[in-house]
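A.B. asks: Numbering (UniProt numbering), first residue to last: 1 to 390.
Think of the CB as a built atom: it goes at the ideal place given N, C-alpha and C, for glycine as much as any other residue.
Okay, handing you the structure first.
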């Protein structure tokens, strides 16, 4: 038996944020990132709509990119003092992911972070609060997923948390918020969305319910991402919907080793954080080549869905080239070396990173099994840009 879970309600389209004035409750905490939502006036809009609904609102601001365990624990502490019946997270993936994790420790103060790292091990939520997610970026789709990524900076590891309990109750997908994204963020989040859809389609847990969503998302990303990157706001709107479709697919079909690699390399190197979508974009063509031994036909179906023709093998090669070409167009490097990771540090850390990546929660649904030794070889290919032929 398999399960298919989405938010109970999704409101989408320009101005969908106004739906907040119709919710019922007494207190809400609004979890935010670094300030762009305030700068562009969306915080005031949310507070005004909630006031109209008769709901008192407290702000928790400045959640950092790739939120930390410490931020999660501090947010949960404030929630326990305030006792909201709505948790509302607005912004990019970081504040929404952080708020999902805060939710657990708000309702279950004695729970430890270590106890929820195991996938699908969360206690039953909605004992104190429900959850609304409002994305401002077009990539993570965390507004419709059962996932959250939290970073333990002391260990240099990202933990993907997974449980259907943390699927939001309401998602508000208003493209007006996505118009605020800078160019680089548009590129990285767009390729994150593409990776979500591709990995969902080839996942061992793909299904007749997730396949159409994944394929449509892939088609939309290839069609609209370049124009969205160049500032076309009608394309930006379509990308906001595409990433949401991809999220609905991968939340139920799960992901693969592109994400395993991105999770374990994002905070691993002293040369600086590798943005999640950028890491996914770098790794995706290499992983397609690795996985094609087991999933050639599925990748070929993706390729044909975006107008590529030929044999299955030709289609997969052309799909990888198409992704490489998009990365060039979006100013995304092809290798970790090009990104700036120092060779000596890479060689020193790659074996340990490979071990961690194989143990990542996303590895289990990858279409081709992988050993730590194979993962080390694959990561080495992504560093030097060498062909994946094993």
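Hey, could you find the ends of the alpha helix (DSSP H) residue 37 is sitting in?
C.D. replies: Run containing residue 37: 36-39, per the alpha helix (DSSP H) assignment.
A.B. asks: Starting from residue 247, trace the alpha helix (DSSP H) in both directions and tell me its first and last residue.
C.D. replies: Segment 233-253, the alpha helix (DSSP H) holding residue 247.
A.B. asks: How many Å lie between residue 187 and residue 332 at the Cα?
C.D. replies: Going by the C-alpha atoms only, they are around 8 Å apart.
A.B. asks: What whole-angstrom Cβ distance do residue 146 and residue 117 have, given they're in contact under 8 Å?
C.D. replies: Incorrect: roughly 15 Å between the Cβ atoms, too far for contact.
A.B. asks: Out of 201, 24, 289 and 160, state which residue places its alpha-carbon closest to the alpha-carbon of residue 246.
C.D. replies: The shortest C-alpha separation from residue 246 is found at 201.
A.B. asks: From the DSSP output, in three-state form, read off residue 136 for me.
C.D. replies: Coil.
A.B. asks: So residue 190 and residue 140 are in contact, right, with Cβ under 8 Å, and what is the actual spacing, rounded?
C.D. replies: Wrong, their Cβ atoms sit about 11 Å apart, outside the cutoff.
A.B. asks: Are there three or more Cβ pairs, one per stretch, closer than 8 Å when the segment 60-69 is compared with the segment 152-167?
C.D. replies: The segment 60-69, when compared against the segment 152-167, does touch it at the 8 Å Cβ threshold.
A.B. asks: What residue range is occupied by the uninterrupted alpha helix (DSSP H) comprising residue 290?
C.D. replies: Note, residue 290: alpha helix (DSSP H), 276-305.
A.B. asks: Give the C-beta separation of residue 203 and residue 367 to the nearest angstrom, bearing in mind that I take them to be a contact with Cβ-Cβ under 8 Å.
C.D. replies: Rounded, the Cβ-Cβ distance is 7 Å, consistent with contact.
A.B. asks: Near residue 28, which residues of its chain fall below 6 Å by C-beta distance, leaving aside the five closest residues on each side in sequence?
C.D. replies: Here the set comprises 50, 55, 57, 84, 86 and 88.
A.B. asks: How many Å lie between residue 109 and residue 60 at the Cα?
C.D. replies: Cα to Cα, residue 109 sits roughly 18 Å from residue 60.
A.B. asks: Could you check what DSSP says for residue 205 in three-state terms: helix, strand or coil?
C.D. replies: It is coil, neither helix nor strand.
A.B. asks: What does the alpha-carbon distance come out to for the pair residue 64 and residue 379?
C.D. replies: Distance between the alpha carbons of residue 64 and residue 379: 27 Å.
A.B. asks: From the DSSP output, which residues share a beta bridge with residue 30?
C.D. replies: Per DSSP, 59 and 88.
A.B. asks: In this structure, what does DSSP give as the bridge partners for residue 12?
C.D. replies: Partner(s): 173.
A.B. asks: Which residue wins for smallest C-alpha separation from residue 25, given the options 43, 130 and 76?
C.D. replies: With distances taken between Cα atoms, residue 25 lies closest to 130.
A.B. asks: Taking the alpha-carbon of residue 96 as reference, which of 34, 52, 298 and 347 has the nearest alpha-carbon?
C.D. replies: For the residues 34, 52, 298 and 347, the minimum Cα distance to residue 96 belongs to 34.
A.B. asks: Around the Cβ of residue 45, are there at least 16 other Cβ atoms within 10 angstroms (buried) or fewer (exposed)?
C.D. replies: Residue 45 is buried by the Cβ-count criterion.
A.B. asks: To which residues does DSSP link residue 363 through a beta bridge?
C.D. replies: DSSP, once it has assigned bridges, lists no residue as partnering residue 363.
A.B. asks: Helix, strand or coil for residue 157? Go by DSSP, reduced to three states.
C.D. replies: If DSSP states are grouped into helix, strand and coil, residue 157 belongs with the strands.
A.B. asks: Should the segment 190-199 be regarded as contacting the segment 211-228, the criterion being three or more beta carbon pairs within less than 8 Å?
C.D. replies: Yes, since at least three Cβ pairs between the segment 190-199 and the segment 211-228 fall closer than 8 Å, the two stretches touch.
A.B. asks: What does the alpha-carbon distance come out to for the pair residue 263 and residue 218?
C.D. replies: If I take the Cα positions, the gap works out to 22 Å.
A.B. asks: Are the Cβ atoms of residue 177 and residue 134 separated by less than 8 Å?
C.D. replies: Taking 8 Å as the Cβ cut-off, residue 177 and residue 134 qualify as a contacting pair.
A.B. asks: Where DSSP assigns a beta bridge to residue 151, which residues make up the other side?
C.D. replies: DSSP output for residue 151 lists 68 and 158 as bridge partner(s).
A.B. asks: Reducing DSSP to helix, strand and coil, say where residue 118 ends up.
C.D. replies: Residue 118 falls in the coil class under three-state DSSP.
A.B. asks: Please classify residue 390: does DSSP put it in a helix, a strand, or coil?
C.D. replies: Three-state result, residue 390: coil.
A.B. asks: Which residue from 229, 231, 196 and 230 puts its Cα closest to that of residue 214?
C.D. replies: The shortest C-alpha separation from residue 214 is found at 196.
A.B. asks: Is it right to say residue 298 is buried, meaning 16 or more other beta carbons lie within 10 angstroms of its own, or is it exposed?
C.D. replies: Buried is the call here.
A.B. asks: Jot down the residue ranges of each uninterrupted alpha helix (DSSP H) in the segment 331-362, minimum 4 residues, whole runs only, in chain order.
C.D. replies: Those alpha helix (DSSP H) runs which fall completely within the segment 331-362 and span 4+ residues are 336-339 and 343-358.
A.B. asks: Based on the DSSP secondary-structure assignment, which residues constitute the bridge partners of residue 131?
C.D. replies: Beta-bridge pairing links residue 131 to 87.
A.B. asks: Please classify residue 348 as buried or exposed, where buried requires at least 16 neighbouring CB atoms within 10 angstroms.
C.D. replies: By the neighbour-count rule (16 or more Cβ atoms within 10 Å), residue 348 is not buried but exposed.
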